[in-house]
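Remarks on the structure that follows.
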Amino acid sequence: MIGLPRVPEVPRGSPLTVTLRDRRCLGPKVLPIRPEVLSWRPHFSHCFAWSEPCLLRANRRSRVTLRSDRFTGMAWVVRGEFRKLWIGQLVSASGSAVTTVALPLVAVVTLQASAVEMGALSALSIAPHLVFGLLAGVWVDRWSLRRVLIWTDVGRLLLLGSVPATAAMGWLHIEQLYAVAVLTGVLTLLSDTASQTMIPWLVPREDLMRANSAALLNLNLASTLGPSAAGFLVQVLTAPFAIVVDAASYVVSTIAAYLLREPSRAPAPERSEVRLSAGLRVLFGDRMLRPLVISAGIAAMAGSMSGPLVVLFLIRELHKSPAFVGLSMTAFGAAAVAGTFIAPAWCRLVGLGRSYLSGVVLASLNGVALFTGVTPVILLGQVLAGLGMSLFAVPQRTLRQALAPPHLVGQVTASWRTLVIGGQTVGAAASGVLATALQIRPTLLIATAGMLAGLVIAAASPLRGLRDLPEAARSMARQ
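Using our numbering, the first residue of the sequence shown is number 206, and each one after it goes up by one.
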């Protein structure tokens with residue numbers, strides 16, 4: 206029998222799980238046990254009576270732990286191999302937020318780019334996600350995820366490092382920025398797809414939602430704090446040399462990816478399944494994923510339609526100050542960060558489906574708040590929209606990863622990203638056309654109606670009554 210540590214006290218009736226963590230394996234084996242068999246200070250001998258036979262075959266290199274699901278939060282899941290991935294992605298996302306601001310400033314300030322050249326730079330940054338999105342899923346499902354993360358980080362380090370290097374020598378041209386935008390876009394597409402595909406293989410099943418919350422926390426923190434940090438760095442270092450910070454972030458991300466152990470995944474898809482449409486067939490063939498992707502695509506299009514116009518509406522229509530605009534954006538970002546901590550508990554309380562629906566409802570209230578013109582109501586609308594964004598993003602990510610066939614997670618992820626980014630591109634283009642033809646206020650009203658249309662589609666589907674992951678998905682994930 207293994208020498209086992211003493212277990213701390215837990216409240217009576219708490220839902221408990223036993224975790225077997227073998228150092229020879231990448232992840233823990235989590236087994237539910239009946240709380241009624243446990244004493245006030247439980248002993249592991251009781252747990253063995255209700256566990257699977259694999260626990261009896263444990264050796265001295267294994268470790269068994271007991272935890273209460275009632276008191277575990279995001280900190281519980283940011284550990285082990287996932288912690289390496291999470292730290293690397295956090296540093297990388299923070300650096301990328303700097304480049305998002307600094308690269309256009311390099312074109313405007315250093316190279317004196319025209320409006321046409323700025324439009325081309327923006328389009329080339331988005332193009333890889335639309336052109337190579339489906340291909341990226343095929344590649345990621347067949348390649349080593351760890352190597353994808355390592356080489357994409359190294360590639361972006363070299364590409365972004367070339368900008369300050371050539372600027373220092375006086376050789377920087379707009380064509381180089383075009384090439385950097387396209388190539389870093391392709392590498393970012395591969396890296397993001399690989400990191401999202403890796404999450405279900407690094408954490409146990411019941412921690413998947415918390416892991417997605419932690420991953421979204423990275424993005425929300427970067428998008429909230431990144432622009433302010435970028436402005437400061439550009440002011441101090443000038444735009445080309447501010448990009449050095451992003452290049453340096455990929456050094457940390459590369460080290461974190463190198464320290465990762467390659468997760469044991471499902472076998473690569475057969476050649477007959479390696480088709481660009483495989484991910485789309487899964488998304489539109491599943492009764493839960495189909496309304497989810499349609500609703501999310503419409504919401505993404507509506508959100509990108511209203512996003513560029515909010516600042517114009519506040520300044521020109523409501524005559525608010527730039528300081529108020531900055532405050533409203535900060536309120537949105539802070540609420541989105543807070544939402545990542547709230548989302549797992551909210552999903553357990555109301556269910557996955559209703560958490561998604563409630564998030565869309567909160568996000569759509571922002572348009573209504575803007576129309577009131579009342580300062581406190583506008584700020585409240587921004588807070589609710591940021592909170593709603595996290596409340597619907599966490600369950601949709603979790604469902605997408607859980608319901609996709611294990612050998613096609615990469616293709617499903619890439620297909621989802623292609624549809625959502627495509628919707629955002631269409632919405633951003635339509636916002637300018639509609640605002641010119643109909644003015645800003647009617648365009649914002651159309652965007653709000655679009656959010657509500659996505660809500661109706663999801664509410665009329667089986668998604669509305671979904672509380673937990675379907676049993677089919679649970680069993681599939683154990684394979």
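Heads up, the beta-carbon is just placed ideally off N, CA and C, and yes, glycines get one too.
Just so you know, the alpha carbons of residue 467 and residue 486 end up roughly 28 angstroms apart. In this structure, the beta-carbon distance from residue 567 to residue 548 does not fall below 8 angstroms.
Taking every protein chain shown into account, the CB of residue 577 has fewer than 16 other CB atoms within 10 angstroms, so this residue is exposed. If you draw a straight line from the Cα of residue 670 to the Cα of residue 414, it is about 18 angstroms long. The three-state secondary structure of residue 348, taken from DSSP, is coil. Sequence-distant Cβ neighbours of residue 446 in its own chain, meaning closer than 6 angstroms and more than five residues away, are 369. In the three-state reduction of the DSSP assignment, residue 378 falls in the coil class. The Cβ neighbour count for residue 527, taken over all protein chains shown within 10 Å, is under 16; the residue is labelled exposed. When the Cα atoms are used, residue 488 and residue 618 turn out to be separated by approximately 9 angstroms.
In this chain, the alpha helix (DSSP H) harbouring residue 451 covers 444-464. In this structure the segment 452-462 lies against the segment 351-367, because at least three pairs of beta carbons, one per stretch, are closer than 8 angstroms.
Residue 458 places its beta carbon less than 8 angstroms from that of residue 293.
Contact annotation: residue 448 and residue 305 have beta-carbon atoms that are not nearer than 8 angstroms.
Less than 8 angstroms separates the beta-carbon of residue 484 from that of residue 339. Beyond the five residues adjoining it in sequence on each side, residue 588 comes within less than 6 angstroms, by CB distance, of 536, 540 in the same chain, given in chain order.
For residue 578, the three-state secondary structure derived from DSSP is coil. Residue environment: residue 643 is assigned as exposed (fewer than 16 neighbouring CB atoms within 10 Å of its CB, all protein chains considered).
Sequence-distant Cβ neighbours of residue 416 in its own chain, meaning closer than 7 angstroms and more than five residues away, are 282, 287, 404, 408. In the DSSP annotation of this structure, the continuous segment of the alpha helix (DSSP H) that includes residue 289 starts and ends at 285-310.
Taken through DSSP and simplified to helix, strand or coil, residue 523 comes out as coil. Nearest neighbour of residue 356 by Cα position, chosen from 463, 422, 490, 648, turns out to be 463.
Put simply, of 436, 524, 542, 386 the residue whose alpha carbon is nearest the alpha carbon of residue 593 is 542. If you draw a straight line from the Cα of residue 531 to the Cα of residue 645, it comes to about 20 angstroms.
Contact check between the segment 558-573 and the segment 650-667: three or more CB pairs, one atom from each, fall below 8 angstroms, which counts as touching. Only residues of its own chain outside the window of five on either side were considered, and among them 505, 509 have a CB closer than 6 angstroms to the CB of residue 629, listed in chain order. The straight-line gap separating the alpha-carbon atoms of residue 335 and residue 522 is approximately 34 angstroms. For residue 493, no alpha helix (DSSP H) run applies, since DSSP gives it neither H nor E.
Distance between residue 514 and residue 418, taken at the CA atoms: about 29 angstroms. Residue 351 holds the alpha-carbon nearest to the alpha-carbon of residue 290 among 620, 351, 318, 314. Per DSSP, the unbroken alpha helix (DSSP H) holding residue 641 starts and ends at 614-643. At the C-beta level, residue 390 and residue 307 stay beyond 8 angstroms of one another.
DSSP, read as helix, strand or coil, puts residue 573 in helix. In the DSSP assignment, residue 322 falls within the alpha helix (DSSP H) that extends over 320-336.
Assignment of residue 373 by DSSP, reduced to helix, strand and coil, places it in the helix class.
Nearest C-alpha to residue 380 among 322, 597, 545, 561: 322.
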